[in-house]
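**Q** Per this note's numbering, numbering of the sequence shown is gapless, rising by one per residue and ending at 79.
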Amino acid sequence: MISIRLAELRAAVSLCDLGPPYDGPGRCHELTGDRKGQLSVDLDHPYRLIFVPNHKPIPSKSDGGLDWKKITAIMITGIEDTHE
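#1: Evaluate contact between the region 11 to 28 and the region 48 to 58, counting only Cβ atoms and requiring at least three cross-stretch pairs below 8 Å.
#2: At which residues does the beta strand (DSSP E) containing S35 begin and terminate?
#3: Does the distance from the CB of I53 to the CB of L61 come in under 8 Å?
#4: What do you get for I66, buried or exposed, if any count of 16 or more other CB atoms within 10 angstroms of its CB means buried?
#5: Just the C-alpha distance for P41 and E3, rounded to the nearest angstrom, thanks.
#6: Can you tell me whether G21 is buried or exposed? The criterion is at least 16 other CB atoms within 10 Å of its CB, across all chains shown.
#7: Following the continuous alpha helix (DSSP H) through R43, name the residue where it begins and the one where it ends.
Laid out in structure tokens, this is it:
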């Protein structure tokens, strides 16, 4: 599963290509709480690929959320069960 998710991330022009309404089985989404600023995609349950935008400054919208259209580079930080 990880090779599929990595291929999807490589093929995306921006992170917007992986978000709604195109999110599909990877369910790319922003994390909340102490993980604010991180994103994840599904791997084999319960594991998720965790990553962050690799931009300085990080593209954000006026509401404080990430601007997915402007995120064109990411840094993978790990594979985790985020529900533990």
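Even for Gly, the Cβ is constructed at its ideal location relative to N, Cα and C.
**A** Let me lay it out:
#1: no
#2: Start at 1 with the first residue of the sequence shown, and residue 35 comes out as number 40. L34 to D37 is the span of the beta strand (DSSP E), which, as asked, contains S35.
#3: As a working mapping, residue 53 is identified with position 58 in the sequence shown. As a working mapping, residue 61 is identified with position 66 in the sequence shown. Taking 8 Å as the Cβ cut-off, I53 and L61 qualify as a contacting pair.
#4: The residue given as residue 66 occupies position 71 in the sequence shown. Under this definition I66 is a buried residue.
#5: Taking the first residue of the sequence shown as position 1, residue 41 is located at position 46. Taking the first residue of the sequence shown as position 1, residue 3 is located at position 8. Roughly 19 Å between the two C-alpha positions.
#6: Translated into positions along the sequence shown, residue 21 becomes position 26. By the 10 Å Cβ count, G21 comes out buried.
#7: By one-based count along the sequence shown, residue 43 stands at place 48. Per DSSP, R43 lies in no alpha helix (DSSP H); the unbroken beta strand (DSSP E) holding it starts and ends at R43 to P48.
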